[in-house]
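First comes the structure, then the notes that go with it.
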Amino acid sequence: MTTPDLDDLLARLRTDDGGPLREDSPVAVDAADRLLLDEAAPWLAAADAGDVAVVDDRFGALTLGATALVRGSSGGATTDEPGRADGVVRVHQDECTAEAALAANAASTGRLGAYQQHAPGPGLLAGARVVLLRLPRGLAALRDVAEHVAREADPGVVLLAGGRVKHMTPAMNDVLGESFADVRASLARGKSRVLVARSPRAPDAGTPFTYPVTVDLPDVGLAVAAYGAAFAGASLDLGTRFLLEALEGAVRDERSGGAAARATSGAAATRGSEPRDVVDLGCGTGILATWAARRWPAAQVVAADRSDAAVRSAALTARANGVADRVRVVRDDAGATLADVSADVVLLNPPFHEGAALRTDAAHRMFATAGRVLRPGGELWCVVNSHLRHRPALERAVGPTVQVARDRRFTVTRSTRR
Ligand SMILES: C[S@@+](CC[C@H](N)C(=O)[O-])C[C@H]1O[C@@H](n2cnc3c(N)ncnc32)[C@H](O)[C@@H]1O
Numbered sequence: 058m059t060t061p062d063l064d065d066l067l068a069r070l071r072t073d074d075g076g077p078l079r080e081d082s083p084v085a086v087d088a089a090d091r092l093l094l095d096e097a098a099p100w101l102a103a104a105d106a107g108d109v110a111v112v113d114d115r116f117g118a119l120t121l122g123a124t125a126l127v128r129g130s131s132g133g134a135t136t137d138e139p140g141r142a143d144g145v146v147r148v149h150q151d152e153c154t155a156e157a158a159l160a161a162n163a164a165s166t167g168r169l170g171a172y173q174q175h176a177p178g179p180g181l182l183a184g185a186r187v188v189l190l191r192l193p194r195g196l197a198a199l200r201d202v203a204e205h206v207a208r209e210a211d212p213g214v215v216l217l218a219g220g221r222v223k224h225m226t227p228a229m230n231d232v233l234g235e236s237f238a239d240v241r242a243s244l245a246r247g248k249s250r251v252l253v254a255r256s257p258r259a260p261d262a263g264t265p266f267t268y269p270v271t272v273d274l275p276d277v278g279l280a281v282a283a284y285g286a287a288f289a290g291a292s293l294d295l296g297t298r299f300l301l302e303a304l305e306g307a308v309r310d311e312r313s314g315g316a317a318a319r320a321t322s323g324a325a326a327t328r329g330s331e332p333r334d335v336v337d338l339g340c341g342t343g344i345l346a347t348w349a350a351r352r353w354p355a356a357q358v359v360a361a362d363r364s365d366a367a368v369r370s371a372a373l374t375a376r377a378n379g380v381a382d383r384v385r386v387v388r389d390d391a392g393a394t395l396a397d398v399s400a401d402v403v404l405l406n407p408p409f410h411e412g413a414a415l416r417t418d419a420a421h422r423m424f425a426t427a428g429r430v431l432r433p434g435g436e437l438w439c440v441v442n443s444h445l446r447h448r449p450a451l452e453r454a455v456g457p458t459v460q461v462a463r464d465r466r467f468t469v470t471r472s473t474r475r
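According to the working numbering, the sequence shown is numbered sequentially starting from 58.
So this is what it looks like as structure tokens:
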């Protein structure tokens, strides 16, 4: 494919962003995607589609661009090499919303059959000779991908990882250097840069992957497990800690029949009859879900997140705390697959960023989901940044909202479903 053809293909791609158009709204193909494709072009031109893996493509530019730049595809012919059976570009995207955006763009450009989604692991990487990676923001996420590429791809693999210069740090080179002997940076273009890693280092036999890590959090009496890309990693987010303290206080007061209990009387999360069905919306590593399953031993808990690393972490966190039989993980967009009127309590520490930009759309869609899935009288317990005003949105989406706790940074609210 000549460059004008590639430009034409890329110009047809769209984002999945339904939010208001703003200066920092994402574009379907940004300068980092374009630079990554240009840097990868010589390697792609010498590769078949089955030699290529793409990780964390945002809207499909890397995957569909790669399908256009490779030497050829086996057209579905089978080979003996694991993972290459279909002769198509292999892809893993952490977020299900990114998967949907790629699928929509593949459909509109007639390339639906040109790639295949895979879970992280050998199915994604075995035999891969070219790996394109949209640089994650966190070093743990980068280390997780780099270790898998170094150990599972072809020994001659080249890993090209691109991003915006303002989000890149020298520590990223160091992290790639842990897994590859040869790491260099491209020249910057359009405020973007590509890191190129080659010569995978062979780990000592039996060395485990760094992730998932499991860590004890003694102050909340839980262990947390995290894959590299999961929000907050194997630590307790400060907002989550504040929400847990408020919940613990409410449950304790109710059980001891104290004054605070009378103030919160009738609260589904705290009254004598304990909640039967609990949802942890945007569950990350599943700390809130696991706390709920431990606190309410008869409850069934759903932990939902759009991130694959999050739901895999949440499942492990539940297992590490002995409640895996009552915590079901779901990967969807803002709880879209949860049944109407099916929950007594929703716990939420919502996202307020999309990449680097401050965006409230996902949080507001989660408020709407809470309103939809809660039974009448059920409660949404939410922690938000104190400087953001969310009460009107919570009242509209769910119902009457009270402030349960507040400090300089965080506010915990309880909204009761009308
Ligand atoms: C602030 S973190 C909270 C994580 C976890 N509940 C905790 O307390 O540590 C927000 C979570 O929402 C998830 N998220 C962001 N946008 C989402 C969406 N549209 N649908 C589902 N989950 C989303 C992120 O992946 C992240 O795990």
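C-beta atoms are modelled at their ideal positions from N, C-alpha and C, and glycine is treated no differently.
In this structure, DSSP gives residue 434 an extended state, which the three-state scheme calls strand. Excluding the 5 residues flanking it on each side, residue 303 has same chain C-beta neighbours closer than 7 Å at 461, 462 and 469, in chain order. Under the three-state reduction of DSSP output, residue 363 falls in the coil class, being neither helix nor strand. Annotation: the continuous alpha helix (DSSP H) that includes residue 448 extends over 448-454.
With a 10 Å radius around the Cβ and a threshold of 16 neighbouring Cβ atoms, residue 226 comes out exposed. DSSP places residue 220 in the uninterrupted beta strand (DSSP E) bounded by 215-221. Boundaries of the alpha helix (DSSP H) around residue 299: 295-313. Only residues of its own chain outside the window of five on either side were considered, and among them 341 have a CB closer than 6 Å to the CB of residue 288, listed in chain order. In the DSSP assignment, residue 177 falls outside any beta strand (DSSP E) and carries neither an H nor an E. Burial is judged here by how many other beta carbons sit within 10 angstroms of a residue's own beta carbon; residue 124 has at least 16 and is buried.
Just so you know, the alpha carbons of residue 158 and residue 474 end up roughly 33 Å apart. Between ligand 1 and residue 60, a heavy atom-to-CB distance of less than 7 Å is absent. Short note on residue 288: C-beta closer than 7 Å to some heavy atom of ligand 1.
Here the region 251-271 lies against the region 235-243, with 3 or more beta-carbon pairs under 8 Å apart. The C-beta distance from residue 338 to residue 361 rounds to 6 Å, short enough to meet the 8 Å contact threshold. Only residues of its own chain outside the window of five on either side were considered, and among them 280 have a CB closer than 7 Å to the CB of residue 273, listed in chain order. Between residue 277 and the set 267, 292 and 145, the nearest pair of CA atoms involves 292.
In terms of CA proximity to residue 271, 343 leads the group 102, 343, 305 and 364. Relative to the non-hydrogen atoms of ligand 1, the Cβ of residue 406 comes within a distance shorter than 7 Å of at least one. In this structure, DSSP gives residue 429 a helical state, which the three-state scheme calls helix. For residue 82, DSSP records no beta bridge to any residue. In this structure, residue 436 lies near residue 402, with their beta-carbon atoms less than 8 Å apart. Around the C-beta of residue 419, 16 or more other C-beta atoms lie within 10 Å, and the residue is accordingly described as buried. With a threshold of 7 Å, the Cβ atom of residue 364 counts as near ligand 1, since some heavy atom of the ligand is closer than that. For the options 72, 374, 449 and 185, the alpha carbon positioned closest to that of residue 82 is the one of 72. The continuous stretches of beta strand (DSSP E) do not include residue 236, which lies in the alpha helix (DSSP H) extending over residues 227-236. When the Cα atoms are used, residue 236 and residue 219 turn out to be separated by approximately 17 Å.
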